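J.: At position 290 of the sequence shown (counting the first as 1) the number is 290 in the numbering used here, and the numbers step up by one without a gap. Even for Gly, the Cβ is constructed at its ideal location relative to N, Cα and C. Every value quoted in this text rests on a predicted model; they were computed, and no experiment measured them.
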Amino acid sequence: MNILATASRIAFRGRLFLLSALLLTVNVSSTASFVWGAEVLPVAFDAPAVTVAQEVDSTLVDAPTTGGQLMRLRIPVSTYVNPEFRGVVTEYAVELESTYQTLRVIDFWPKSEVYTSVEGNVAVETTRQQDSKLGFNVSAAYEPIGRATGQGDFAHKDSTKESFQRKPPMQVLSSSGTIRRGYGVFFKFRPGPLPVLEGVREIAILVEVPPGWRADMLQVSMQAMGTEQAGSSRIHSLGHTRMWMTTHREGDWPAAAQAKRYVTQERSLRSLAAASQSQVQEKSLPTMWHKMGAALDMVQPRIPEDYLTQVIFGARNRYRDNPATNRLPVDLRVAVLDYWDQREQLVQLAFPKAYGSPAYGDHVAISHRAASDMVAAQ
Numbered sequence: 001m002n003i004l005a006t007a008s009r010i011a012f013r014g015r016l017f018l019l020s021a022l023l024l025t026v027n028v029s030s031t032a033s034f035v036w037g038a039e040v041l042p043v044a045f046d047a048p049a050v051t052v053a054q055e056v057d058s059t060l061v062d063a064p065t066t067g068g069q070l071m072r073l074r075i076p077v078s079t080y081v082n083p084e085f086r087g088v089v090t091e092y093a094v095e096l097e098s099t100y101q102t103l104r105v106i107d108f109w110p111k112s113e114v115y116t117s118v119e120g121n122v123a124v125e126t127t128r129q130q131d132s133k134l135g136f137n138v139s140a141a142y143e144p145i146g147r148a149t150g151q152g153d154f155a156h157k158d159s160t161k162e163s164f165q166r167k168p169p170m171q172v173l174s175s176s177g178t179i180r181r182g183y184g185v186f187f188k189f190r191p192g193p194l195p196v197l198e199g200v201r202e203i204a205i206l207v208e209v210p211p212g213w214r215a216d217m218l219q220v221s222m223q224a225m226g227t228e229q230a231g232s233s234r235i236h237s238l239g240h241t242r243m244w245m246t247t248h249r250e251g252d253w254p255a256a257a258q259a260k261r262y263v264t265q266e267r268s269l270r271s272l273a274a275a276s277q278s279q280v281q282e283k284s285l286p287t288m289w290h291k292m293g294a295a296l297d298m299v300q301p302r303i304p305e306d307y308l309t310q311v312i313f314g315a316r317n318r319y320r321d322n323p324a325t326n327r328l329p330v331d332l333r334v335a336v337l338d339y340w341d342q343r344e345q346l347v348q349l350a351f352p353k354a355y356g357s358p359a360y361g362d363h364v365a366i367s368h369r370a371a372s373d374m375v376a377a378q
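Below you can see the structure in the form of structure tokens.
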């Protein structure tokens, strides 16, 4: 009996040790995930949160339109390279997309550019020369008459010379074009004679908007490619970002105010989400069994890891009555709904005829009753 009891205690301690090791693995994985999310990439990007759309006279543009108004957007985009980075940035790309298809791209700048380090044309000269030579020596004897000898040689030389000029080899400095069936545009930049891609560049687009258009949103994506170490030939992604950029008609101050309210609300939502990260993780995996199941890929977190990305960049509002969002802390859920209220108000200014423009300066905030309902649901 003592032997059986001892064996039982050893087995229990073994299971307890395995369970502790598994929980430690879960905690380490959570910490590693947090550190990975805070990783600083070698290349960072920036673009303005609000840009002004300047109206352009359609009679001055040769491109055909569909009856809308023409607007020009001038956008400075910046690239920052970490001073400790020892690799090489070979290219970075910028994409602008009208996700609601209200901004149709008519033209864009800069266009595709090439460069060469050779000035003028390249002179090419080809010379071919062929020499042939034949020599002979003949000797004959016929006794007793005598002996005869003869010798000689033959030579031929053929020479051909060609010379012409050709254009020097070109390298691509920048390229650009439309995407998303004309509702987006891309720009790619590569290092020129001076291998520097850091700094600010200005891009511009000419777009056609619906009649009565006042404000809108553009989704901006930026990515840098290159090598992580000097001398390496393997290309990696060195940095990437995605953001919303708002735009409004020049001189439309109520539309500009709505764009700024959206920017403020998005910034507040991001800040609150960062401050609430530990609470979100706790609600996502509330019990030890949830953590164990997630570590074994048997249980999905109650709140997706990319919930904030889904909220900010989702094509439509799926979070007013969403199980994942309902598990967020109350103040964060309120911020999500406030964010979508501001976003919807801004998007309505891009569809004046379809939705009707809201009154100037209106600000729709979540009601106290809705907040109370969320507290009760909590």
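Within the same chain, show all residues whose beta-carbon is closer than 6 Å to that of Met222, passing over the 5 residues directly before and after it, in chain order.
T.: For the purposes of this step, residue 222 is taken as residue 222 along the sequence shown, with counting starting at 1. The answer, listed in chain order, is Phe45, Val94, Thr241.
J.: Kindly list the residues whose CB is nearer than 7 Å to the CB of Arg180, restricted to its own chain and excluding five residues on each side of it in sequence; keep chain order.
T.: For the purposes of this step, residue 180 is identified with residue 180 of the sequence shown, where counting begins at 1. Excluding sequence neighbours, Arg180 sits near Glu97.
J.: Shortest alpha-carbon distance to Val196 belongs to which of Ala259, Gly212, Ser78, Arg267?
T.: Within the sequence shown, numbered from 1, the residue matching residue 196 stands at position 196. Comparing Cα-Cα distances from Val196 to each of Ala259, Gly212, Ser78, Arg267, the minimum goes to Ser78.
J.: Can you list the alpha helix (DSSP H) stretches of 4 or more residues lying completely in the region 328 to 356, in chain order?
T.: Those alpha helix (DSSP H) runs which fall completely within the region 328 to 356 and span 4+ residues are 330 to 348, 352 to 355.
J.: At the level of alpha carbons, what is the spacing between Ala224 and Tyr92?
T.: In the sequence shown, the residue the question calls residue 224 occupies position 224. In the sequence shown, the residue the question calls residue 92 occupies position 92. Going by the C-alpha atoms only, they are around 4 Å apart.
J.: Kindly indicate the opening and closing residues of the beta strand (DSSP E) around Pro76.
T.: Position 76 of the sequence shown, counting from 1, holds the residue named residue 76. Looking at the DSSP string, the run of the beta strand (DSSP E) that includes Pro76 is 69 to 81.
J.: Is Val263 helix, strand or coil by DSSP?
T.: By one-based count along the sequence shown, residue 263 stands at place 263. Val263 falls in the helix class under three-state DSSP.
J.: Within a Cβ cutoff of 8 Å, which residues of the same chain sit near Val61, ignoring the five residues on either side of it in sequence?
T.: Counting from 1 along the sequence shown, the entry for residue 61 is found at position 61. Cβ neighbours of Val61 beyond the five flanking positions: Leu70, Ile106, Asp107, Leu206.
J.: Between the region 258 to 274 and the region 74 to 89, do at least 3 Cβ pairs fall closer than 8 Å?
T.: Short answer: they don't touch.
J.: Pick from Glu282, Glu305, Thr264: whose alpha carbon is nearest that of Ala335?
T.: In the sequence shown, counting from the first residue as 1, residue 335 sits at position 335. Checking every option, the nearest Cα to that of Ala335 belongs to Thr264.
J.: Please say whether Gly68 and Glu228 have beta carbons closer to each other than 9 Å?
T.: As a first step, residue 228 must be located in the sequence shown, where it is residue number 228. As a first step, residue 68 must be located in the sequence shown, where it is residue number 68. No, the pair does not count as a contact, with Cβ atoms beyond the cut-off.
J.: Going by C-alpha distance, which of Phe189, Val43, Gly184, Gly314 is nearest Leu173?
T.: Here residue 173 is taken as the residue at index 173 of the sequence shown, counted from 1. The residue with the shortest Cα to Cα distance from Leu173 is Phe189.
J.: Please confirm whether Val52 and Glu250 have their CB atoms less than 9 Å apart.
T.: As a working note, residue 52 is residue 52 in the sequence shown. As a working note, residue 250 is residue 250 in the sequence shown. Closer than 9 Å, so yes.
J.: Out of Gly184, Tyr100, Asp331, Ala256, which one is the CA nearest neighbour of Ala315?
T.: Position 315 of the sequence shown holds residue 315. Checked all of Gly184, Tyr100, Asp331, Ala256; the closest Cα to Ala315 is Tyr100.
J.: Here's a check: name, in chain order, each residue in its chain whose Cβ is nearer than 6 Å to the Cβ of Leu248, leaving out the five neighbours to either side.
T.: What you label residue 248 is simply residue 248 of the sequence shown in a count that begins at 1. It is His, not Leu, that sits at residue 248 in the sequence shown. For His248, where only same-chain residues beyond five positions count, the Cβ hits under 6 Å are Ala215, Ala255, Ala256, Ala259.
J.: Take Phe313 as the anchor and find which of Pro191, Ala230, Ser112, Met245 has the nearest alpha-carbon.
T.: Translated into positions along the sequence shown, residue 313 becomes position 313. Closest by alpha carbon: Met245.
J.: Check whether the Cβ atoms of Val40 and Leu238 lie closer than 9 Å to each other.
T.: Reading the sequence shown from its first residue, position 40 is the one you call residue 40. Reading the sequence shown from its first residue, position 238 is the one you call residue 238. No, the Cβ-Cβ distance between Val40 and Leu238 is not below 9 Å.
J.: Hey, quick one: how far does the alpha helix (DSSP H) through Thr59 stretch, first residue to last?
T.: Here residue 59 refers to the residue found at position 59 of the sequence shown. No alpha helix (DSSP H) holds Thr59; DSSP gives it neither H nor E.
J.: Would you give the residue range spanned by the alpha helix (DSSP H) that Tyr307 belongs to?
T.: Here the question's residue 307 lines up with position 307 in the sequence shown. Where Tyr307 is concerned, the enclosing alpha helix (DSSP H) stretches over 307 to 313.
J.: Which residues in the same chain as Tyr80 place their Cβ atom closer than 6 Å to its Cβ, once the five residues preceding and following it in sequence are excluded?
T.: Walking along the sequence shown from the start, residue 80 turns up at place 80. Cβ within range, chain order: Ala44.
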